[in-house]
Amino acid sequence: MFISVASGKGGTGKTTVAINMASAAEGPVQLLDCDVEEPNCHLFLSPVIAERIPVTIETPEILLEKCTFCGKCSKACRFNAIAVVPGNAMVFPELCHGCSGCWLACPESAICIRERAVGVVEKGKAGKIDFVHGKLDVGVALSPPLIKAVKRESVMGGVTIIDAPPGASCPMVAAVNCTDFCILVTEPTPFGFHDLAIAVETVRKIGVPFGVVINRAGVRYEELYDYLGKEQIEILLEIPFERKYAESYSSGDILVNVHPELLPEFSDLISNVMKRAAESRR
Amino acid sequence: MRELVVISGKGGTGKTSIVASFAALSENAVLADCDVDAADLHLVLSPSLMEKEIFRSGFKPVVDRLLCTECGRCRELCRFSAIETPTAFNYLNCEGCGVCADNCPQKAIIMEDNACGEVFVSSTRFGIMVHAALGIAEENTGRLVTRVRKLARERAEAAGASLIIADGSPGIGCPVIASIVDSTLALVISEPTVSGIHDTMRVISLAKHFNVKAAVVINKSDINTAIAAAMKAMCRENQIPCIGEIPFDQSFTEAMIHKKSVVEYQSGGITEALKNVWNTVKEMLEEKSV
Chain A
0 MFISVASGKG GTGKTTVAIN MASAAEGPVQ LLDCDVEEPN CHLFLSPVIA ERIPVTIETP
60 EILLEKCTFC GKCSKACRFN AIAVVPGNAM VFPELCHGCS GCWLACPESA ICIRERAVGV
120 VEKGKAGKID FVHGKLDVGV ALSPPLIKAV KRESVMGGVT IIDAPPGASC PMVAAVNCTD
180 FCILVTEPTP FGFHDLAIAV ETVRKIGVPF GVVINRAGVR YEELYDYLGK EQIEILLEIP
240 FERKYAESYS SGDILVNVHP ELLPEFSDLI SNVMKRAAES RR
Chain B
0 MRELVVISGK GGTGKTSIVA SFAALSENAV LADCDVDAAD LHLVLSPSLM EKEIFRSGFK
60 PVVDRLLCTE CGRCRELCRF SAIETPTAFN YLNCEGCGVC ADNCPQKAII MEDNACGEVF
120 VSSTRFGIMV HAALGIAEEN TGRLVTRVRK LARERAEAAG ASLIIADGSP GIGCPVIASI
180 VDSTLALVIS EPTVSGIHDT MRVISLAKHF NVKAAVVINK SDINTAIAAA MKAMCRENQI
240 PCIGEIPFDQ SFTEAMIHKK SVVEYQSGGI TEALKNVWNT VKEMLEEKSV
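Respectively, the protein sequence lines represent chains A and B. In this text, residue positions in the first sequence follow numbering that gives the first Met the number 0: the first is 0, and each later residue adds one. In this text, residue positions in the second sequence follow numbering that gives the first Met the number 0: the first is 0, and each later residue adds one.
Structure follows, in structure tokens:
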């Protein structure tokens, strides 16, 4: 069973929800941190990393001694990652998606395939939690290949919680795609609400059932609640704004461990979400 | 032309609120919202739309069912699991590479231009603003950011403005790279949390990687004074100036609810702190690049 935690706006509490849910779960649970640009779950869970798997994508290298500079590779590349001029052919690896279009197009077999590192997947244990995350190399633009590599480490059968990156474009889609249920975390502010509405449209387009967790609840920002009512979106949990929660988060504490009043809230959240995910599978 | 880009690494540290305050404090700047997949600056600046363009980028494959013999070659070659059956594409997975179309023996697939968002030029009470909206679940955020920046530069030149203030997105990936490359200064808005310090160091390495001058502001600085001190020490070690600290304050949220920038909404210590940061930013923008 796969449960993704996403948001739209950054900094609303995705990581908080993912790690506290994993910590409150009864029995074994897997946590995949798919926010590979800025992975944070490990800072709270301090997992013991047992395995590091480098992740690469295939990128062309042009053998200039074989190349006739016909330009077919450059024409085939829709990402502008190859430039050919008479006497020279250049690859811009940072633009390459690894689609294979160039080497399929080359009539001279002048392109060989090189593996280009994009990041690393790390696996380990944090207590009862099976932990996996990806770390994108600094300077690499494309995160979806690494997000997919993290997701390939998921094991079937148990509960897998996926911490997704913020936003509503390709990285978030790659993380939420093919999950059984998505928790959208928001905060009752104009920015939180506006970005939630975009995330809702995105998750609907992906076709994953979802509900909302409102973090830093306190001020009734009525527009958010009116919207959720009108769209018939379930509020799964409201986490009240308390300065002590913000302070615990800042030090890297797991809320359910230091604020026991939150433990039943997160236990209920995960069991409720697992029920909803199971219904959606039927 | 000077370009200031405000980024953060971690989301939710206060980028947009701080950009809105800079907009209010600046004179004759053009604003650019480069956080194209969760754009929020317009919620504070209430822009009036002047111009709109459709942003086309990338391609999407369309099959001619009459020509398709369902040979399965496209499915075999697709690296992105975007072809479930030869006539059913999964556009969420598709990256628009065109390998399916170029290698179809029947030439049954054509690549159509993809309209993936809109770009807007608007007027606000603080001047011209260029912003965008990415289509739902669309790609090409980096290219859309590049388009926003290009339009902002054109408008700034036409209006005789010498500064662009850009609001960036969280993370270190494609839209962030597109928003910082060649800018004058990347201002990193951080917060003193374990994730804040981690993400700030990563985004600073990104700025270094692309040779962009960076500076740090610690927002919500009193949430954890020990981590704030550690962050300042790390900035010193990395020779990145830490140019200000802004204590946690509910007026950030209240100002947003009133559709105002913090400096318009209140006139207390937070506004003073923001003004000091802004003055330092202005000085840094004028420094000769190294």
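For every residue, glycine included, the Cβ atom is placed at its ideal position computed from N, Cα and C.
| Check | Outcome |
| --- | --- |
| Which runs of the alpha helix (DSSP H) at least 4 residues long sit entirely within the stretch 66–118 of chain B? Give them in chain order. | 72–76 and 98–101 |
| Assuming H132/A contacts C40/A (C-beta within less than 8 angstroms), just tell me the rounded distance between them. | 6 angstroms |
| What is the residue span of the alpha helix (DSSP H) that C169/A lies within? | C169 to V175 |
| DSSP state of I171/B, grouped into three classes? | coil |
| Judging by CA-CA distance, which residue of S161/B, V193/B, P191/B and I176/B is the nearest neighbour of A185/B? | I176/B |
| What does the alpha-carbon distance come out to for the pair H197/B and V149/A? | 20 angstroms |
| Inspect the beta-carbon positions of E200/A and I171/B and report whether they are closer than 7 angstroms. | no |
| For R148/B, tell me which candidate among A165/B, S161/B and E156/B has the shortest Cα-Cα distance. | A165/B |
| Please name the residue in P46/A, R113/A and L135/A whose C-alpha comes closest to that of L205/B. | L135/A |
| In the stretch 97–128 of chain B, which residues sit with their C-beta less than 7 angstroms from some C-beta in chain A, listed in chain order? | G97, V98, D101 and N102 |
| Compute the Euclidean distance between the alpha carbons of L31/A and F130/A, then round it to the nearest angstrom. | 6 angstroms |
| For the stretch 214–248 of chain B, which residues have a beta carbon sitting closer than 7 angstroms to at least one beta carbon of chain A? | I222, N223 and I226 |
| List, in order along the chain, the chain B residues whose C-beta lies closer than 7 angstroms to that of F190/A? | T15, D39, L42 and M255 |
| Report yes if the CB atom of G11/B is closer than 7 angstroms to the CB atom of G10/A, and no otherwise. | yes |
| Return the residues of the stretch 70–95 of chain A that lie within a Cβ-Cβ distance of less than 7 angstroms from chain B, sorted by chain order. | A75 and R77 |
| Counting only C-beta atoms, is T201/A closer than 7 angstroms to chain B at any point? | yes |
| Rounded to whole angstroms, what's the CA-CA distance from C69/A to T86/B? Just pull it up for me. | 32 angstroms |
| Do the CB positions of L133/B and D36/B come within less than 7 angstroms of each other? | yes |
| So, is the C-beta of A140/A closer than 7 angstroms to a C-beta in chain B? | yes |
| How close, in whole Å, do the beta carbons of P187/A and L223/A come, if the pair is a contact with beta carbons under 8 angstroms? | 5 angstroms |
| What do you get for I112/A, buried or exposed, if any count of 16 or more other CB atoms within 10 angstroms of its CB means buried? | exposed |
| For G138/A versus H208/B, is the C-beta spacing smaller than 7 angstroms? | yes |
| On the three-state DSSP scale, how would you describe A315/A? | Only positions 0 to 281 of chain A appear in this structure, which leaves residue 315/A out of reach. |
| Counting contacts by CB-CB distance shorter than 7 angstroms, is A136/B in contact with chain A? | yes |
| Less than 7 angstroms between CB atoms is the rule here; does C169/A satisfy it with respect to chain B? | yes |
| Any Cβ of chain A within less than 7 angstroms of the Cβ of V193/B? | yes |
| Tell me which same chain residues have a C-beta within less than 7 angstroms of the C-beta of M49/B, skipping the five on either side of it? | V120, S121 and S122 |
| Are the C-beta atoms of P169/B and some chain A residue less than 7 angstroms apart? | yes |
| Could one say the Cβ of D32/B lies closer than 7 angstroms to chain A's Cβ atoms, at least one of them? | no |
| Since T14/A and L254/A are thought to touch, with beta carbons under 8 angstroms apart, how far apart are those beta carbons, to the nearest angstrom? | Rounded, the Cβ-Cβ distance is 11 angstroms, inconsistent with contact. |
| When you compare each of I18/A, E60/A, R280/A and R203/A to E114/A by their alpha carbons, which one comes out closest? | E60/A |
| When the cut-off is 7 angstroms and only beta carbons count, does S247/A lie next to chain B? | no |
| Can you tell me whether K127/A is helix, strand or coil according to DSSP? | coil |
| Excluding sequence positions up to five away, which residues of its chain have a Cβ less than 7 angstroms from the Cβ of C98/A? | none |
| What first and last residue would you give for the alpha helix (DSSP H) that runs through M283/B? | G268 to E285 |
| Can you check the stretch 192–276 of chain A for any beta strand (DSSP E) of at least 3 residues that lies completely inside it and give the ranges in chain order? | 209–216 and 234–239 |
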